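Residue 293 is where the sequence shown ends in our numbering, and the numbering goes up by one at each step.
Built from N, CA and C at the ideal position, the CB exists for glycine as well.
In this text the structure is predicted, and so the values were computed from the model without any measurement.
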Amino acid sequence: MINVKSLKFNADEKLLDFIDKKVGKVEKFFDNMGDIDVTLSLLPDADNKCVKLQTHIPGEDLIIERNAHTFEEAVTEAADALKEKIVRAKEKKFAK
Numbered sequence: 198m199i200n201v202k203s204l205k206f207n208a209d210e211k212l213l214d215f216i217d218k219k220v221g222k223v224e225k226f227f228d229n230m231g232d233i234d235v236t237l238s239l240l241p242d243a244d245n246k247c248v249k250l251q252t253h254i255p256g257e258d259l260i261i262e263r264n265a266h267t268f269e270e271a272v273t274e275a276a277d278a279l280k281e282k283i284v285r286a287k288e289k290k291f292a293k
């Protein structure tokens, strides 16, 4: 399940659908993964859109944070990074 929280602004439906689509793909990579918490916030610099993804897989908490010019860009980068981290953790788990 994907839980989205936006800090100090209201995310529109288009952005929420985009997050569900991109982050939803990550859920397929690990069977026992917990909920994915997505936090959206605005920063005071040029790349002011911040996306933080948090989830739990057995034995490890995964936290990814990315900043970009748009939330869509930051979500894409964060989802890709989370996917890579999950794949590495899964490979490490099965390599034992």
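Endpoints, the alpha helix (DSSP H) within which residue i is located
i	result
D294	Within the shown structure, residues of the chain are numbered from 198 to 293, placing residue 294 beyond reach of any answer.
K282	F268 to A292
K205	Taken as a continuous stretch (DSSP letters only), K205 belongs to no alpha helix (DSSP H), as it is neither H nor E.
Proximity of residue i and residue j at Cβ, strictly below 8 Å
i	j	result
E224	I216	no
A271	A265	yes
F226	K287	yes
Minimum C-alpha distance to residue i - residue among the options
i	options	result
N229	A292, F206 and M198	M198
A275	A286, E262, K287 and I283	E262
K280	L204, K205 and V220	V220
K222	L204, S238, D244 and T273	T273
Close Cβ partners of residue i (< 6 Å) along its chain, the five nearest in sequence each way excluded
i	result
K202	T236
K282	L259
With 16 other Cβ atoms within 10 Å as the buried cut-off, status of residue i
i	result
G250	Strictly speaking, residue 250 in this sequence is Leu, with Gly absent from that position. L250 comes out buried.
V284	exposed
Own chain partners of residue i with C-beta closer than 8 Å, once the 5 adjacent residues on each side are dropped
i	result
T267	K246
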